[in-house]
Structures are given as C-alpha cells and as structure tokens.
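Q: Each residue of the sequence shown is one higher than the last, beginning at 0 in numbering that gives the first Met the number 0.
In this text, a Cβ means the ideal position worked out from N, Cα and C, and glycines have one as well.
Note that the coordinates shown come from a computational prediction; the quantities given were computed from them, not determined experimentally.
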Amino acid sequence: MNSFDQVYHELCEEVLNTGRSKDDRTNTGTLSKFGHQMRFDLSKGFPLLTTKKVSFKLIATELIWFIRGDTNIRYLLQYNNNIWNEWAFKKWIESSDYTGPDMTDFGHRSLTDEAFNKDYQAQLAIFKDKVLHDDDFMRKFGDLGNVYGKQWRHFESGGKVVDQLKDVVDNIKTNPSSRRHIVSAWNPGEIETMALPPCHTMFQFYVNDGKLSCQLYQRSADIFLGVPFNIASYSLLTHLVAKECGLEVGEFIHTFGDAHIYSNHIDAVTEQLSRDSFAPPTIEIHSDKSLFDIDYEDLEIKNYQAHPAIKAPIAV
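#1: Using DSSP with H/G/I as helix, E/B as strand and the rest coil, what is T98?
#2: Tell me, please, which residues DSSP counts as bridged to H321.
#3: Do three or more CB pairs link the region 214-228 to the region 241-260 at distances below 8 Å?
#4: Taking the runs of the beta strand (DSSP E) that are 3 residues or longer, which of them lie wholly in the region 155-225?
#5: What first and last residue would you give for the beta strand (DSSP E) that runs through L298?
#6: Report the rounded CA-to-CA distance for K51 versus K159, giving the unit in angstroms.
#7: Does the CB of A308 have a neighbour CB from chain B at under 8 Å?
#8: Quick check on S232: does DSSP put it in helix, strand or coil?
#9: Check whether the Cβ atoms of L41 and L30 sit closer than 8 Å, and answer yes or no.
#10: In three-state DSSP terms, what is Q304?
#11: Quick one: what's F39 bridged to in DSSP?
#12: Quick one: grab the DSSP three-state call for E283.
#13: Within 8 Å, do at least three Cβ pairs link the region 60-78 to the region 125-141?
#14: What separation, rounded to the nearest whole angstrom, lies between the Cα atoms of R274 and G188?
#15: With a threshold of 7 Å on Cβ separation, who are the neighbours of T17 within its own chain once the five nearest residues in sequence on each side are excluded?
#16: Just verifying my parser: in three-state terms, what is the DSSP assignment at S276?
#17: So the candidates are N26, I313, M137, N174; which of them puts its Cα closest to the Cα of K90?
#18: If the criterion is Cβ atoms closer than 8 Å, does the pair F3 and L57 meet it?
#19: Write down the C-beta distance between F45 and I282 rounded to the nearest angstrom, noting that I regard them as a contact closer than 8 Å.
#20: Express the C-alpha separation of V248 and Y119 in angstroms, rounding to a whole number.
#21: Span of the alpha helix (DSSP H) holding K117?
#22: To the nearest angstrom, report how far apart D292 and N145 are at their CA atoms.
#23: Write down the C-beta distance between A59 and L235 rounded to the nearest angstrom, noting that I regard them as a contact closer than 8 Å.
#24: By the three-class DSSP mapping on this structure, what secondary structure does G148 have?
#25: Select from T25, R152, P100, F140 the residue whose C-alpha is nearest the C-alpha of F126.
#26: Given a cut-off of 8 Å on the beta-carbon distance, is the pair F202 and V226 in contact?
#27: Could you give the DSSP three-state label for R24: helix, strand or coil?
#28: Closest by CA to C11, which one among T269, I252, E61, D297?
#29: Could you tell me which residues DSSP pairs with D266 in its beta bridges?
#30: Find out if the Cβ-Cβ distance for the pair I92, N84 is shorter than 8 Å.
#31: Taking E250 as the reference, which of G209, L143, I222, S262 has the closest Cα?
#32: Tell me which residue opens and which closes the alpha helix (DSSP H) that L75 is part of.
#33: Figure out for me which residue from L123, F204, S212 has the closest Cα to the Cα of K165.
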C-alpha cells in the first residue's frame, strides 16, 4: 500500500478500534479520538487517496475559492461544486422568503424518505438556479458569512483588517526562517456570523533546506468524508505557495483535535479499508500566475488511478 493511503487507513483503523462513543452537534453519533497526527512527504507524489476516488476538481475549486477570499457559493456552483450547498440551503429554507414544502431536518429525512427526497432535490435545484442566475438572491442566500476565505484574506480584529495569506507569502519570501508563518481561520469575534465555524482552524508554514512544509491543526475532523479532502487541499496549497515563493515542497503534517467517524459512515469506512491502494498521482501547475490569480484550469493531476467512490451522508 502506498504511504499516503497507509497513514490514512491507520487513522481509520485506530478510531474504529479505540474510538469512544460520543454525541455530536448533528445528533448522528460518532466514534471519536482526541489528538492524532499524520505526515505526508510531498516529494513522493500527491496525496489524493486511491482506495476510493476523491474529486480533485471539488478540492481545487474550493481551495481557489478560499484563496480568493470568496464566501458565496456561486463560484463553486459554476464548477458544479456542491459541497457547501447544504449550509446555504438551510439559510434559505429557514427564512421568511421560503414558501415551499417543509424542509425541516432535510439532511436526515432525505436519506430515509423517498417521497421527501424528491421534494428536497426539487427545492435544492430551484435554490441552486437562483444562486447562479439571480444576483439579489445570490447575495442574500448564497453567502455563508465570514467563513474561511474571509478570514484568510480579510481577518478583522480590533478595527484592523489583515490579509493573512498575502502577509504570510510575503514573509516567506523575505524572512523564510521565521516561526510566524501562520494563518488562522478561527476568529472568536466572528464565529456566530459563520454558517459553519472553521474545522481546519489554523495552518503554519515552515521553510528549511529550500523546501516548504505546512502543518494544519484541525479542531474537528469528519474522517471519512472530510479528511481526504483536507489532506489534498492543504497539500495543494503547499504546492501553490512553494511555487509562488520559489521553493520545493517538503511535508504536509495533519494534526487533529476531535477526529471522528460518524456512526452512519462505519460500513463505508470498513469497505474502504478492505481495498488495496494504487501508486499515488502527481500534480502539475501549468501557469506562472500568482497564487492569487490561479485558476482551476491551470492545475492537472496526472496518473490518478483509484477505486470507485463510496457514498455516505453528510452531517449538517
């Protein structure tokens, strides 16, 4: 098994075998472990898991959305990226503007009630179309509040606005040995303004021997659905920042607080653990654009071979 899939499988196995039952905000229930770390040597390839297919397009367009400081899902929907839809949709169906059928607890009901799921899919399609084509609706219901992009590029505290990502890139270029190459998405004064408080809360870059490494601290980690995306996203960010700063890539280190497997994901995790891996892919960046101007079309994953995707419900 390749080293990238191996360390992820080890996390899954450890939580399945030693995790403690724990209630959670979504009322789904989890097996949980507090504190874990994985390391990925990015010189050995790109850590897009191969024991289930993971969509690089979704990962890359979401990361570019963060980098641009965007918080409205229109950009994501333009790339058919639906990973943030549920939180924006929830905002609409709980508003006085919504006049359709009752969508209460749509995340759970859509999984068990076929008739309800048809209504849900119809309302979600209406919602997405309005976000894409109605500017007023998009501004009111497509925005997720002060989530990651806002904090990375326009962090507000004490009346001061900081472009954290730009400052870190500038500091890596001018003072690479600094121990202050940190970006925080956790802004206590704005948590209540976010559709979802940041799960990947802060990251730090480290330069040594001409190589750039990145360590992420993730306070809350959905191991089956979220973590494979997070691994690839921050590895891609490390590649992009390294290219911007004229460095090679080093390691991506992934450090967790509450790492959990939802109770309704256990069968899916078990299926994934039964699979062997393929050789990892590589990534190419076909552009000399700035990090801040990069487009999805400038990126290419090469030689990606993976087992089929495994579906599982998202907890909202």
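A: The answer reads as follows:
#1: As a working note, residue 98 is residue 99 in the sequence shown. In this structure, T98 counts as coil in the three-state DSSP scheme.
#2: As shown, the chain starts at 0 and ends at 315. That puts residue 321 outside it, with no answer to give.
#3: yes
#4: 159-161, 181-183, 199-207, 210-221
#5: Stepping through the sequence shown from its first residue, residue 298 is reached at position 299. Note, L298: beta strand (DSSP E), 298-301.
#6: Position 52 of the sequence shown holds residue 51. Position 160 of the sequence shown holds residue 159. Between the C-alpha atoms of K51 and K159 there is a straight-line separation of about 44 Å.
#7: Judged by its chain identifiers, the structure shown contains no chain B, having just a single protein chain.
#8: Reading the sequence shown from its first residue, position 233 is the one you call residue 232. S232: helix per DSSP, three-state reduction.
#9: Stepping through the sequence shown from its first residue, residue 41 is reached at position 42. Stepping through the sequence shown from its first residue, residue 30 is reached at position 31. No, the Cβ-Cβ distance between L41 and L30 is not below 8 Å.
#10: By 1-based counting over the sequence shown, the position of residue 304 is 305. Note: Q304 maps to coil in three-state DSSP.
#11: As a position in the sequence shown, residue 39 is number 40, starting the count at 1. Answer is F251.
#12: On the sequence shown, position 284 is the one that residue 283 refers to. Residue state, collapsed to three classes: strand.
#13: yes
#14: Indexing the sequence shown from 1 puts residue 274 at position 275. Indexing the sequence shown from 1 puts residue 188 at position 189. Going from the Cα of R274 to the Cα of G188 covers about 44 Å.
#15: Here residue 17 refers to the residue found at position 18 of the sequence shown. Excluding residues within five positions, the ones whose Cβ falls inside 7 Å are K32.
#16: In the sequence shown, counting from the first residue as 1, residue 276 sits at position 277. Of the three classes helix, strand and coil, the one that applies to S276 here is coil, per DSSP.
#17: Taking the first residue of the sequence shown as position 1, residue 90 is located at position 91. Ranking N26, I313, M137, N174 by Cα distance to K90 puts M137 first.
#18: Taking the sequence shown and counting its residues from 1, the one referred to as residue 3 is at position 4. Taking the sequence shown and counting its residues from 1, the one referred to as residue 57 is at position 58. Cβ atoms of F3 and L57: not closer than 8 Å.
#19: Translated into positions along the sequence shown, residue 45 becomes position 46. Translated into positions along the sequence shown, residue 282 becomes position 283. Right, their Cβ atoms sit about 4 Å apart.
#20: In the sequence shown, counting from the first residue as 1, residue 119 sits at position 120. In the sequence shown, counting from the first residue as 1, residue 248 sits at position 249. Approximately 44 Å between the Cα atoms of the pair.
#21: If you number the sequence shown from 1, residue 117 lands on position 118. 113-132 is the span of the alpha helix (DSSP H), which, as asked, contains K117.
#22: For this step, residue 292 is matched to residue 293 along the sequence shown. For this step, residue 145 is matched to residue 146 along the sequence shown. About 21 Å.
#23: Indexing the sequence shown from 1 puts residue 59 at position 60. Indexing the sequence shown from 1 puts residue 235 at position 236. About 6 Å; that satisfies the 8 Å criterion.
#24: Along the sequence shown, read from residue 1 onward, the residue named residue 148 stands at position 149. Of the three classes helix, strand and coil, the one that applies to G148 here is helix, per DSSP.
#25: To locate residue 126, count along the sequence shown from 1; it is residue 127. Answer by Cα proximity: F140.
#26: In the sequence shown, residue 202 corresponds to position 203, counting from 1. In the sequence shown, residue 226 corresponds to position 227, counting from 1. No, the Cβ-Cβ distance between F202 and V226 is not below 8 Å.
#27: Within the sequence shown, numbered from 1, the residue matching residue 24 stands at position 25. Looking at R24 - three-state DSSP - the assignment turns out to be coil, as it is neither helix nor strand.
#28: As a first step, residue 11 is located in the sequence shown; it is residue number 12 there, counting from the start. It is T269 whose Cα lies nearest to the Cα of C11.
#29: Position 267 of the sequence shown, counted from the first residue, corresponds to residue 266. Its beta-bridge partners do not exist; DSSP assigns none.
#30: For the purposes of this step, residue 92 is taken as the residue at position 93 of the sequence shown. For the purposes of this step, residue 84 is taken as the residue at position 85 of the sequence shown. The answer is no: Cβ separation not under 8 Å.
#31: By 1-based counting over the sequence shown, the position of residue 250 is 251. With distances taken between Cα atoms, E250 lies closest to G209.
#32: On the sequence shown, residue 75 is found 76 positions in, with the first residue counted as 1. 73-77 is the extent of the alpha helix (DSSP H) around L75.
#33: By 1-based counting over the sequence shown, the position of residue 165 is 166. K165 has its Cα closest to that of F204, out of L123, F204, S212.
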